[in-house]
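Note that the protein sequences, when read in sequence, are chains A and U. Using this note's numbering, you'd call the opening residue of the first sequence number 43 and step up by one each time. Using this note's numbering, you'd call the opening residue of the second sequence number 44 and step up by one each time. Even for Gly, the Cβ is constructed at its ideal location relative to N, Cα and C. What follows is one structure encoded as structure tokens, with my remarks underneath.
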Amino acid sequence: MTAGSPSIASGSLTGWVKRSLFKNWWSGLITIVLLPIVLLAGYRAFLFFFVNGQWDAVTRNLTLFMQGTFPRAQQWRLTAQILAFALAFGMAAGTSRASARDRAQEAGLPFHEETARATLARMWSLVGFIALLLYFATIDETGNPFNPFLLVGSAVVIAIIGFQAKRMPRRIRNLGWLLTAVLLLLGFQVVSGFGADDWIPMGLILGIAAYAVTPTPFAGALPRVVTRLVAAVVVAFTVRFVYSAVDQPGIGWDEWSGLHLTLMVSAISIILAFPVGLLLALGRRSSLPALRIMSTAYIELIRGVPLITLLFMGQFVLQQLLPQGTDLSRVTRAIAAITLFTAAYVAEIVRGGLQALPKGQTEAAQALGLSPAKTTRLIVLPQALRAVIPAMVGQFISLFKDSSLLTIIGITEFLGVREIAHAQADFRGVSIAETLVFVAIGYWAFSFAMSRESQRLERRLRVSR
Amino acid sequence: MTSEQRAQAFTDATKAKGDALIEVSDVDKFFGDFQALKNINLRVGLQEVVVVIGPSGSGKSTLIRCINRLEKHDRGSIVVDGIELTDDIKNIQEVRRETGMVFQQFNLFPHLTVIDNITLAPRQVRRLPKMEAEEEAMKLLERVGIPEQARKYPGQLSGGQQQRVAIARSLAMRPKVMLFDEVTSALDPEMIKEVLDVMVELAKGGMTMIVVTHEMGFARAVAHRVMFMADGKIVEVGTPEHFFTNPQEERTKLFLSQIL
């Protein structure tokens with residue numbers, strides 16, 4: 043009894059069963075033992091999901107799970123944020139599609155434009171989760187202050203409009219990335235507010251952009267840098283002026299909660315942890331002993347402490363380390379703790395990538411006369427980072443899931459809002475399993491999408507090798 | 044005039060004019076306890092082609108890697124075009140700008156297209172504008188015979204093509220001297236010739252070259268001087284004629300008998 047006979051048509055069900063389940067005697071045995079268990083578990087799951095489960099703890103609290111105790115009167119801010127993010131994501135996808143196409147064309151490789159259907163299939167976990175939310179919303183609409191179908195529909199339309207950035211001519215390709223960054227920030231600040239003091243992130247983004255695009259007539263390196271710096275500073279101060287003129291405070295993130303808070307905390311921590319980790323990794327390999335020892339000490343210290351400890355320290359110890367009078371919000375302190383924690387792991391991942399790079403690469407760059415800084419920036423990092431994409435995304439998925447620990451320090455993120463739901467008279471002590479499963483599905487949908495996206499990124503960047 | 048005298052004459056000539064492009068004096072190099080180079084003295088004149096041969100582990104590669112400071116010598120002095128290699132990073136950068144190096148494993152940058160590989164250093168170090176750098180790069184690619192590969196990635200090219208790109212990449216910095224470190228050793232036999240042809244063209248064009256190789260045909264055809272190294276020492280120096288017809292040292296004879 044060996045492999046299934048070749049006469050079996052590959053498409054037929056019996057063929058598949060024979061090939062996959064009864065390939066030889068031991069695989070058949072495993073099938074016979076496991077099949078009843080799988081079927082039973084499937085049956086029980088089916089009963090739970092469709093027959094016995096009391097899902098109204100979820101359906102009637104859908105808004106609570108999504109945005110928690112966010113002030114309902116300020117609902118428009120969240121709607122505006124979703125639409126701004128939809129435009130930004132569409133634009134980012136369009137811009138990256140266009141540059142991938144250009145690269146492939148130049149290298150003479152075939153480029154297959156991904157169909158909309160393939161995009162949906164790739165993001166199926168997220169699409170499925172949104173479909174589930176919409177389905178739940180139809181069951182009980184009492185809690186929903188806005189029409190979820192209208193919201194999702196307009197977000198999709200806006201994302202498709204943003205996707206047309208793929209038509210931008212190559213000359214202004216980087217404009218697509220700049221607009222994406224600005225839109226993401228605007229989308230964030232439409233909730234957090236445009237207070238006079240909130241100009242710094244926007245000033246940074248536009249200042250860097252100004253530095254990059256300012257044309258200079260000078261040949262020398264110093265005058266060029268100086269002109270560009272002047273342009274950057276002028277732009278940054280203009281931004282500052284605009285913000286102080288607008289000065290519209292919004293809803294600070296201590297008032298955010300639910301899935302909204304989970305996604306925001308994760309995104310911000312990822313954005314901050316990446317550069318910090320990168321610098322730590324370079325620091326650990328630096329030839330300057332002080333820098334090397336400090337980086338190593340930091341990494342090893344942080345990696346020896348559980349995240350939950352750091353989160354508590356963020357709430358109770360951080361305040362004492364900072365200068366008197368600085369009063370950080372609770373969520374800020376939590377983000378600081380997660381960022382410092384993740385940065386140490388990112389540093390070790392990046393270091394792995396740096397070590398895997400063949401020595402010949404730096405030697406070739408040195409032999410060409412590139413300075414150490416340029417060798418790192420242009421030769422070492424681009425290759426090292428590509429090599430560690432899977433590990434890095436894995437770390438970010440961990441971060442996303444670990445953000446649920448914020449519940450323990452009393453911040454009501456996605457997992458934490460369950461407690462609010464179960465404090466309601468109708469759901470006290472009931473439907474515990476249902477709300478837990480719902481939250482788990484939510485975490486899984488995003489984690490799985492991230493993992494798929496990392497696989498795709500890996501594939502796409504490998505094409506160039 | 045015997046071939047030995049001719050080789051001596053070449054050395055004397057560069058010495059007399061005082062314009063030796065590369066001057067290596069009394070150089071020692073250690074890797075831990077192992078002495079890789081023992082009291083090396085070498086002068087290379089302008090437009091001279093020196094071929095270095097010898098068994099593996101004899102210090103050939105170490106020697107040329109010291110000349111552009113990929114390895115640091117422990118004793119003695121190395122002067123390239125009047126600049127002495129010291130710990131001063133400025134001097135090192137200047138020397139590297141004037142010496143091109145081609146490696147056994149090509150060491151092309153796999154994340155950059157061929158043309159970006161070639162224009163990287165001219166744009167970053169010589170500060171050429173993009174257009175100008177690409178024009179120059181295309182000329183170099185034509186010179187090494189593969190202009191049609193400009194927009195491809197190194198991974199899409201054959202070994203021979205990659206090595207020719209590597210040569211073009213070094214030439215783009217307009218070096219005064221080219222160092223070749225066993226550049227054909229990692230190639231399939233049928234690709235060796237296309238790379239050697241490029242090197243022969245370079246030599247004819249008057250490029251100063253130090254070539255570490257096992258290609259005796261190349262040495263015979265192109266070298267002004269052949270240098271035999273063993274155990275970190277220069278055992279014998281002479282014209283190719285002298286070398287392949289009338290070697291003096293026992294160690295040289297043994298080596299040549301093994302490889303010819």
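The beta carbon of A/S311 sits closer than 7 Å to the beta carbons of I377, I380, T381, T384, L441 from its chain, once the five residues preceding and following it are set aside; these are given in chain order. With respect to the 8 Å criterion, A/N94 and A/A463 are not classified as neighbours on the basis of their beta carbons. Secondary structure of A/I453 (DSSP, three-state): coil. Distance between U/K182 and U/R118, taken at the CA atoms: about 41 Å. Residues of chain U whose Cβ lies closer than 8 Å to the Cβ of A/R428 are, in chain order, H154. By the Cβ-count criterion, A/Y177 is exposed, with fewer than 16 other Cβ atoms from all chains shown falling within 10 Å of its own Cβ. Under the three-state reduction of DSSP, A/G346 is assigned to coil, being neither helix nor strand. A straight line joining the alpha-carbon of A/G411 with that of U/Q136 spans about 6 Å. Spanning the alpha carbons of A/L447 and A/I483 requires a straight line of approximately 17 Å. Pairing U/G260 with U/V269 gives a Cβ-Cβ distance that is not under 8 Å. Residues of the region 125–151 of chain U with a C-beta atom less than 7 Å from some C-beta of chain A are Q136, R139, R140, M144, F146, Q148, N150, listed in chain order. Residues of chain A with a Cβ closer than 9 Å to the Cβ of U/K195 are, in chain order, E148, A149, G150, L151. A straight line joining the alpha-carbon of U/E292 with that of U/L106 spans about 21 Å. The C-beta of U/M216 comes closer than 8 Å to at least one C-beta of chain A. Exclusion of the five residues before and after A/I350 leaves L447, I450 as the residues of its chain whose Cβ lies within less than 8 Å of its Cβ. Where U/S120 is concerned, the enclosing beta strand (DSSP E) starts and stops at 118–123. Under DSSP, the beta-bridge partners assigned to U/V254 are U/V94, U/F223. Around the CB of U/M174, fewer than 16 other CB atoms lie within 10 Å, so the residue is classed as exposed. Residues of the same chain with a CB within less than 7 Å of the CB of U/P283, apart from the 5 flanking positions on each side, are A262, R263, A266, V269 in chain order. The beta-carbon of U/A79 is placed no less than 8 Å from the nearest beta-carbon of chain A. Closer than 7 Å at the C-beta level to chain U, one finds these residues of the region 394–407 of chain A: G402, Q403, E405, A406.
Nearest to A/A130 by C-alpha distance, out of A/L217, A/T368, A/L499, is A/L217.
Given a length threshold of 4 residues, each whole run of the alpha helix (DSSP H) inside the region 250–292 of chain A is given here in chain order: 263–288. Of all residues in the region 108–120 of chain U, the ones placed with a Cβ closer than 9 Å to any Cβ belonging to chain A are R108, N111, R112, L113, in chain order. With respect to the 8 Å criterion, U/K276 and U/D124 are not classified as neighbours on the basis of their beta carbons. U/L113 sits in coil when the DSSP states are folded into three classes, being neither helix nor strand. With contacts defined by Cβ atoms closer than 8 Å, A/E297 and A/F127 do not form a contacting pair.
Contact between A/M492 and A/I439 holds, since their C-beta atoms are separated by about 5 Å, short of 8 Å. Collapsing the DSSP output to three states places U/N150 in coil.
Under the Cβ criterion of 8 Å, A/Q366 is not counted among the residues facing chain U. Ranked by Cα distance from U/L222, the options U/P172, U/M234, U/I302, U/Q147 are led by U/Q147. Taking a Cβ-Cβ threshold of 9 Å, none of the residues of chain A is close to U/Q291; the smallest such distance is about 35 Å.
DSSP places A/Q96 outside any beta strand (DSSP E), giving it a letter other than H or E. For the set U/V94, U/L184, U/D159, U/S101, the Cα lying nearest the Cα of U/A79 is the one of U/S101. Counting only residues of its own chain and dropping the five nearest sequence neighbours on each side, A/R428 has a CB closer than 6 Å to the CB of L503. In summary, A/T105 is buried, with 16 or more beta-carbon neighbours lying within 10 Å of its beta-carbon over all protein chains present.
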